[in-house]
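Following: one structure in structure tokens, then a few remarks.
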Amino acid sequence: MLNKKIRNILVFGCIAAIFAAVGYWNISPERFLDKPIAHVDESEIDYYATNAHSVQFLPDGRLQYEMTSDKVEHLKASEVTLLTNPDLNMFRGTEFPWHVQSEKGEVNPDGTQVELIDSVRITRFDEKNRRTLITTTRMTVFPQQQYAQTEQPVRIDGAGGVSTGTGMKAYLKESRIHLLSNVRGQYEAR
Numbered sequence: 104m105l106n107k108k109i110r111n112i113l114v115f116g117c118i119a120a121i122f123a124a125v126g127y128w129n130i131s132p133e134r135f136l137d138k139p140i141a142h143v144d145e146s147e148i149d150y151y152a153t154n155a156h157s158v159q160f161l162p163d164g165r166l167q168y169e170m171t172s173d174k175v176e177h178l179k180a181s182e183v184t185l186l187t188n189p190d191l192n193m194f195r196g197t198e199f200p201w202h203v204q205s206e207k208g209e210v211n212p213d214g215t216q217v218e219l220i221d222s223v224r225i226t227r228f229d230e231k232n233r234r235t236l237i238t239t240t241r242m243t244v245f246p247q248q249q250y251a252q253t254e255q256p257v258r259i260d261g262a263g264g265v266s267t268g269t270g271m272k273a274y275l276k277e278s279r280i281h282l283l284s285n286v287r288g289q290y291e292a293r
């Protein structure tokens, strides 16, 4: 009887030791340590290009726009593209493009919106070689809609005079510009 009890204790003891060893190897002390939280650097650039040149065409094959930039940098986390000295000609399918320039630019992830920053200049010559020049410090351009807007002070030189105002909506396809507030104009009489 005593012999059977000892044998059962030894068998159950061995089984318990095996379970304890397996449990120890599966539960390592490293599992209980705090793992460092991965931080994403919002300014990390995953690719860039220098002296970039981009051309886009309309469905009928006519030129929609042509853009050059000294440097293009793509931010990994936000998918925003940064432009240095962007220079854009928006042809709108015509031979008289809107020439858009600034010191910096930011393109949203899907490319539908371009934020132009610092020394923004938009120039257009018409069929009679008359120049229209729009200047401001910041402007948002929507290339597909051929629309631009700003809430900053704006100056428009053209048509024999100068107009200034705060805020602007520009419908580039129709060559229609609306100044939103504090509008002042000075025109030369001929």
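Position in the sequence shown (from 1) plus 103 gives the number in our numbering. Just so you know, even glycine gets a beta-carbon here, dropped at the ideal spot from N, CA and C.
Closest by C-alpha distance to residue 290, when choosing among 260, 279, 273, 282
260
Which residue's Cα is closest to the Cα of residue 154: 181, 187, 234?
187
Mind pulling the beta strand (DSSP E) runs of 3 or more residues that sit fully within the stretch 221 to 262?
234 to 245, 250 to 261
Mapping DSSP to helix, strand and coil, what is residue 115?
helix
Quick test of the definition: if touching needs 3 or more C-beta pairs under 8 Å, does the stretch 207 to 227 touch the stretch 161 to 169?
no
Have a look at residue 161 and residue 252 and give me their C-alpha separation to the nearest angstrom.
23 Å
Find the nearest neighbour of residue 176 within the set 210, 270, 158, 116, judged by alpha-carbon distance.
210
At the level of alpha carbons, what is the spacing between residue 265 and residue 244?
22 Å
So, residue 269 versus residue 258, is the Cβ gap smaller than 7 Å?
no
Could you have a look at residue 276 and say whether DSSP puts it in helix, strand or coil?
coil
Where residue 287 falls: helix, strand or coil (DSSP):
strand
Please tell me whether residue 206 and residue 221 are closer than 7 Å, where the distance is taken between their beta carbons.
yes
Just verifying my parser: in three-state terms, what is the DSSP assignment at residue 107?
helix
For residue 302, which beta-bridge partners are listed by DSSP?
Examination of residue 302 is not possible in this model, given that the chain is present from 104 through 293 alone.
Option in 173, 181, 185, 236 with minimal Cα separation from residue 200:
236
Top-ranked residue by Cα proximity to residue 159, from 246, 185, 229, 173
246
Return helix, strand or coil for residue 180, following the three-state DSSP convention.
coil
Rank 183, 249, 108, 172 by C-alpha distance to the C-alpha of residue 278 and give the top, closest one.
249
Alpha carbon of residue 173 to alpha carbon of residue 228, nearest angstrom:
25 Å
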